[in-house]
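**Student:** The opening residue of the sequence shown carries number 1 in UniProt numbering; numbering runs sequentially from there.
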Amino acid sequence: MVRMGQAITLGCSSNVVSQGVLVFPQLVYLQVQMVEHLVDLHGFGPLPMLEFAHGEITCKTDPKHFESWAHKLERKWTFWFDNQSEPNQGAAWGTSLRQVYTFDTVEEFWCLYDQIFKPSKLPAQADFYLFRTGVEPKWEDPKCANGGKWTVSSNKKSSLDTMWLETLMALIGEQFDEICGVVASVRPRQDKISLWTKTVANEAVQISIGRKWKQIIDFSDRITYSFHDDSRMHELSLDDFVTWISTC
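1. Is Pro119 buried or exposed, if buried means 16 or more other CB atoms sit within 10 Å of its CB?
2. Whole angstroms is fine: what's the gap from Arg227's alpha carbon to Ala70's?
3. Going along the chain, which residues of its own chain have a beta-carbon closer than 6 angstroms to the beta-carbon of Asp127, five neighbours each way excluded?
4. Closer than 8 angstroms by C-beta to Gln84: which residues in its own chain qualify, once you throw out the five before and the five after it? Chain order, please.
5. How close, in whole Å, do the beta carbons of Trp77 and Thr133 come, if the pair is a contact with beta carbons under 8 angstroms?
6. Got a sec? Which residues, its chain only, sit under 8 angstroms from Leu171 by beta carbon, not counting five neighbours each side?
7. Below 6 angstroms CB to CB, which residues in the same chain sit around Ser153 once its five sequence neighbours on both sides are set aside?
8. Identify every residue that forms a DSSP beta bridge with Leu195.
9. By how many angstroms is the C-alpha of Thr167 removed from the C-alpha of Ile216?
10. Alpha carbon to alpha carbon, how far is His54 from Thr102?
11. Does the distance from the C-beta atom of Ile209 to that of Thr197 stay below 8 angstroms?
12. Where DSSP assigns a beta bridge to Thr102, which residues make up the other side?
13. Is Glu36 helix, strand or coil when you go by DSSP?
14. I need the DSSP call for Ala201, collapsed to helix, strand or coil.
15. Can you grab the Cα-Cα spacing for the pair Trp110 / Asp104, in whole Å?
16. How is the beta strand (DSSP E) around residue 255 delimited, first residue to last?
17. How close, in whole Å, do the beta carbons of Trp139 and Tyr225 come, if the pair is a contact with beta carbons under 8 angstroms?
18. Given a cut-off of 8 angstroms, decide if Val135 and Asp177 are closer than it, judged by their beta-carbon atoms.
19. Using the C-alpha atoms, what's the distance from Arg75 back to Val106?
20. What would DSSP say about Lys72, mapped onto helix, strand or coil?
21. Excluding five sequence neighbours on each side, which residues of the same chain lie with their C-beta closer than 7 angstroms to the C-beta of Ala145?
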């Protein structure tokens with residue numbers, strides 16, 4: 001299993017840990033093994049080295065050779081995509097949400113991220129998710145229903161990509177407890193990244209997650225916490241959240 005901050009050696013080559021990011025020279029091999037197939041995912045550009053079929057992206061490799069050196073994560077993670085740039089009139093929320101790819105190795109993650117998964121490349125009104133496999137990015141999901149989300153906002157695409165990557169690495173590196181996943185929401189005026197948590201009732205964990213996330217993404221501005229349950233207070237800043245739970 002791979003945890004963040006762990007340096008790994010494969011054969012003769014060293015893998016460097018730079019600012020929490022694992023760099024694997026062997027990704028060259030992984031990408032060479034892929035089927036070079038240009039696809040268009042909801043109209044936001046050609047995606048080389050990946051095959052798109054039946055609503056999902058697949059990385060094609062030699063399974064036996066790949067598994068001999070691939071580095072397993074502690075759990076499986078799934079990317080989801082929701083393109084609302086061309087809304088379907090009358091359609092219920094979530095009807096355009098679809099599962100894109102499930103992975104459980106460091107190598108697969110880097111291959112996917114390097115190829116397509118950067119928020120700045122997505123169309124306006126698109127939402128891109130990374131959630132624990134088995135958890136749908138919906139408030140109604142039983143594992144999300146009692147939770148909420150920490151949110152940061154940014155009007156700089158470069159900052160959005162950096163914060164997104166740092167958050168993805170923290171998630172797959174198991175840096176947080178009580179986490180469902182993360183979503184990057186691309187909007188015309190201001191983009192957002194939201195970190196979904198499991199249980200609002202565990203106040204100490206919520207505060208710890210918020211503070212730790214701010215440090216990881218090096219974000220000095222205000223972040224807010226929103227409850228999925230409409231019967232609760234809708235939105236609180238990190239400081240407000242600390243004050244609110246102390247008076248409950």
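Every residue gets a Cβ at the ideal spot worked out from N, C-alpha and C, and that includes glycine.
**Tutor:** This is what the structure gives:
1. Buried, since its Cβ has 16 or more Cβ neighbours within 10 Å.
2. According to the sequence as given, residue 227 is Phe; it is not Arg. Near 38 angstroms, if we compare the C-alpha coordinates of Ala70 and Phe227.
3. Cβ-Cβ distances below 6 angstroms link Asp127 to Asp82, Val183 and Ser185 in the same chain, with the five nearest sequence neighbours on each side left out; the list follows chain order.
4. Counting only Cβ-Cβ distances below 8 angstroms, and skipping sequence neighbours, we find Ser96, Gln125, Ala126 and Asp127.
5. So it is a contact: roughly 6 angstroms between Cβ atoms.
6. Counting only Cβ-Cβ distances below 8 angstroms, and skipping sequence neighbours, we find Trp77, Leu130, Ile179, Gly181 and Val182.
7. Counting only Cβ-Cβ distances below 6 angstroms, and skipping sequence neighbours, we find Gln190 and Lys192.
8. The partner list for Leu195 (beta bridge, DSSP) reads Trp150 and Val182.
9. Rounded to whole angstroms, Ile216 to Thr167 spans 7 angstroms at the Cα level.
10. With a pLDDT of only 38 at His54, under 50, the local geometry of the prediction cannot be trusted, and the value read off the model is given with reservation. Going from the Cα of His54 to the Cα of Thr102 covers about 14 angstroms.
11. Result yes, Cβ atoms of Ile209 and Thr197 sit closer than 8 angstroms.
12. Thr78.
13. Note that Glu36 scores 29 on pLDDT, short of 50, meaning its location in the model is unreliable; the coordinates nonetheless yield the value given after this. Assignment of Glu36 by DSSP, reduced to helix, strand and coil, places it in the coil class.
14. Reduced to three states, the DSSP call for Ala201 is coil.
15. When rounded, the separation of the alpha-carbon atoms in Trp110 and Asp104 is 11 angstroms.
16. Residue 255 lies beyond the range of the chain shown here (1 to 248); nothing can be said about it.
17. Between the beta-carbon of Trp139 and that of Tyr225 there is about 15 angstroms, and that puts the pair past the 8 angstroms contact cut.
18. No.
19. Straight-line Cα distance between these residues: approximately 11 angstroms.
20. Lys72: strand per DSSP, three-state reduction.
21. Close CB contacts of Ala145 within its chain, under the 7 angstroms cut and outside five residues either way in sequence, are with Trp139 and His228 (chain order).
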